[in-house]
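Residues 3 to 403, numbered by the numbering used here, are exactly what the sequence shown covers, in order.
Working notes for the structure below.
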Amino acid sequence: MRPSEIRALLAFRRPRWSPTERRLDRCFTVEDLRRVARRRLPRAVFDYVDGGTEDEVTMRRNRAAFEELELEPRVLRDVSEVDPSVELFGRRIPLPVVLAPTGMTRLTHWEGELAVARAASQVGLPYVLSTMATVSIERVAAASRAPLWFQLYMWRDRGLCRELVARAREAGYEALVLTVDTPVAGARERDFRNGFTIPPSIGLRTLLDGARRPSWWWRFLTSEAIGFDNVRGRAEGSASLAFVATQFDASVTWDDVAWLAGEWGGPFVLKGVMTPADAKQAAALGVGAIVVSNHGGRQLDHVPATIDALPRIADAVGDGTTVLFDSGVRRGVDVAKALASGARAVLVGRAYLYGLGAGGEAGVVKAVRILDGELRRAMSLMGARRVADIVPGHVRRRGEW
Ligand SMILES: Cc1cc2nc3c(=O)[nH]c(=O)nc-3n(C[C@H](O)[C@H](O)[C@H](O)COP(=O)(O)O)c2cc1C
Numbered sequence: 003m004r005p006s007e008i009r010a011l012l013a014f015r016r017p018r019w020s021p022t023e024r025r026l027d028r029c030f031t032v033e034d035l036r037r038v039a040r041r042r043l044p045r046a047v048f049d050y051v052d053g054g055t056e057d058e059v060t061m062r063r064n065r066a067a068f069e070e071l072e073l074e075p076r077v078l079r080d081v082s083e084v085d086p087s088v089e090l091f092g093r094r095i096p097l098p099v100v101l102a103p104t105g106m107t108r109l110t111h112w113e114g115e116l117a118v119a120r121a122a123s124q125v126g127l128p129y130v131l132s133t134m135a136t137v138s139i140e141r142v143a144a145a146s147r148a149p150l151w152f153q154l155y156m157w158r159d160r161g162l163c164r165e166l167v168a169r170a171r172e173a174g175y176e177a178l179v180l181t182v183d184t185p186v187a188g189a190r191e192r193d194f195r196n197g198f199t200i201p202p203s204i205g206l207r208t209l210l211d212g213a214r215r216p217s218w219w220w221r222f223l224t225s226e227a228i229g230f231d232n233v234r235g236r237a238e239g240s241a242s243l244a245f246v247a248t249q250f251d252a253s254v255t256w257d258d259v260a261w262l263a264g265e266w267g268g269p270f271v272l273k274g275v276m277t278p279a280d281a282k283q284a285a286a287l288g289v290g291a292i293v294v295s296n297h298g299g300r301q302l303d304h305v306p307a308t309i310d311a312l313p314r315i316a317d318a319v320g321d322g323t324t325v326l327f328d329s330g331v332r333r334g335v336d337v338a339k340a341l342a343s344g345a346r347a348v349l350v351g352r353a354y355l356y357g358l359g360a361g362g363e364a365g366v367v368k369a370v371r372i373l374d375g376e377l378r379r380a381m382s383l384m385g386a387r388r389v390a391d392i393v394p395g396h397v398r399r400r401g402e403w
């Protein structure tokens, strides 16, 4: 057989020289990215990202509840063009997905929040920078053309809160997200068992682990020290997780929400609402959006799965308040189920962190592309051309007719 004849029978794959590209090419789902991240990250870092609080009942239920929901597809609806874009705070984004705030992102990859912000630029999705970020408000803004939102944990030092909010406004952040489900930190028991600390403490186990994940350790040891960059120098001891945890203000009430929304003066989001009563109170205060969230099962264990809590909350707030959703989204069909249950868009946390751990900025882009492809396919197969075509009639609980 001549070479030209072989070429006619076989399409040769373009060789990939970059190990990151090769790794990501083999990932087809968010779960694939999770498996790669697990292999590449030190155990304590992977568990910090992957784990939940106490018995992880809520964390598991977030996933199980998605699986209990079934989709009712409609057929013959001309889905030759599917458009999953939505409008959020007056801006059209290509996908109903926002990259959630996650603290200490430089643990997962040495470029941390910068890599996520650049990936958000590439895909045109909003990224919410955490108070607990390891890259500052200003550096992230300089690295990204994505719509940026800033997430605040209320500190005891209200002067510091005001300062952070002013810096975010100055740097062009478009929305302020106040997280309200964290008056105290949840008990992430995997972290206790792993001796997880910031700065990392070095024991025999850490050293052995280092030998098995040399690329992560090399980057960790040769890049700048990990600290809470937004409060560096401003709060004494800002490099230590133990210290920062004591600075959260557990006395926050609805009065503070009104104060903060006034300080900010732009689109304001309350993240961590789990009941219709609280959602109504938020709506009455005029907040722009709420996030129905149980923090990915990382705060109070035994609260319901968010996808179970969502429909009643969406009904309670009416049209004046945008309803966002997170916790447990790993697939495009999960996004479709959340939209059918009353959300305008979803936030994803671990889904992009697994991508980040698997391949840095390119891994975050890959995670988004996976969700994008899955959502478009799900919409086509459900008979939904646009996001507005996804309606409550598309979902039902298994066994409910
Ligand atoms: C590693 C990690 C760190 C997080 N840090 C924060 C944070 O600093 N602020 C915040 O409001 N939420 C934080 N969250 C919660 C996320 O914003 C989001 O609510 C959650 O990840 C959604 O669940 P999912 O991971 O299943 O998508 C964090 C989540 C993870 C996994």
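The beta carbon of each residue, even a glycine, is placed where N, CA and C say it ideally should be.
Predicted model, so just to flag it, every value in this text is computed and none were measured.
If you check the CB distance, residue 180 and residue 273 come in under 8 Å.
Comparing alpha-carbon positions, the option among 165, 63, 253 and 195 lying closest to residue 234 turns out to be 165. Taken through DSSP and simplified to helix, strand or coil, residue 258 comes out as helix. Within a 10 Å sphere around the beta-carbon of residue 30 sit fewer than 16 other beta-carbons, which makes this residue exposed. Within the model, the alpha-carbon separation for residue 193 versus residue 280 is close to 30 Å.
A residue is called buried when at least 16 other Cβ atoms come within 10 angstroms of its Cβ; residue 402 does not meet this threshold and is exposed. For residue 357 and residue 370, the gap between their C-alpha atoms comes out near 9 Å. Listed in chain order, the non-local C-beta contacts of residue 269 below 6 Å within the same chain comprise 91, 177 and 290, local neighbours out to five positions each way being set aside. Within the stretch 169–230, the runs of beta strand (DSSP E) that reach at least 3 residues and sit entirely inside it are, in chain order, 177–181. Relative to the non-hydrogen atoms of ligand 1, the Cβ of residue 50 comes within a distance shorter than 7 Å of at least one.
Distances from the CA of residue 327 to each of 368, 275 and 380 were compared; the closest alpha carbon is that of 275. In the DSSP assignment, residue 72 forms a beta bridge with 398. Around residue 85, the same chain offers 387 and 388 as residues with beta carbons nearer than 7 Å, after the five sequence neighbours per side are excluded. Listed in chain order, the alpha helix (DSSP H) elements of length 4 or more contained wholly in the stretch 54–137 are 59–70 and 114–125. For the options 184, 143 and 188, the alpha carbon positioned closest to that of residue 169 is the one of 143. With respect to the 8 Å criterion, residue 60 and residue 54 are classified as neighbours on the basis of their beta carbons. Membership of residue 274 in any alpha helix (DSSP H) is not indicated; the residue belongs instead to the beta strand (DSSP E) covering 270–275. By the Cβ rule, the stretch 69–86 counts as touching the stretch 373–384, because three or more pairs are nearer than 8 Å. Apart from the 5 residues on each side of it in sequence, residue 341 sits with its Cβ closer than 7 Å to the Cβ of 98, 389 and 392 in its chain, given in chain order. Distance from the CA of residue 227 to the CA of residue 183, rounded to the nearest whole angstrom, comes to 29 Å.
Under the 8 Å Cβ criterion, the stretch 74–82 does not count as touching the stretch 309–326, having fewer than three qualifying pairs.
Annotation for residue 249 indicates a beta carbon at 7 Å or more from all heavy atoms of ligand 1. Contact between the stretch 35–53 and the stretch 190–204 is present: 3 or more CB-CB pairs across the two stretches fall below 8 Å. Secondary structure within the stretch 319–378: the beta strand (DSSP E) runs of 3 or more consecutive residues, fully enclosed, are 324–327 and 347–350 (chain order).
For residue 39, the CB contacts under 7 Å within the same chain, skipping 5 residues up- and downstream, are 48, 356, 359 and 360 in chain order. A distance below 6 Å between beta-carbons, with the five flanking residues on each side excluded, links residue 64 to the following residues of its chain, in chain order: 299, 307, 329 and 330. If the five residues before and after residue 111 are omitted, its C-beta is found closer than 7 Å to the C-beta atoms of 117, 358, 359 and 362, all from its own chain and listed in chain order. Take residue 114, set aside five residues on each side of it, and the residues of its chain with a beta-carbon closer than 7 Å to its own are 107, 108, 136 and 137, in chain order.
Within the model, the alpha-carbon separation for residue 247 versus residue 13 is close to 56 Å. In the structure shown, residue 30 falls within a coil segment according to DSSP collapsed to helix, strand and coil. Taking 8 Å as the cut-off, the Cβ atoms of residue 173 and residue 139 count as close.
Counting along the chain, residue 246 sits inside the alpha helix (DSSP H) bounded by residues 243–248. Taking the Cβ of residue 16 as the reference point, every heavy atom of ligand 1 lies at 7 Å or farther away. Under DSSP, no beta-bridge partner is assigned to residue 18. With a cutoff of 8 Å on beta-carbon distance, residue 167 and residue 154 are scored as near each other.
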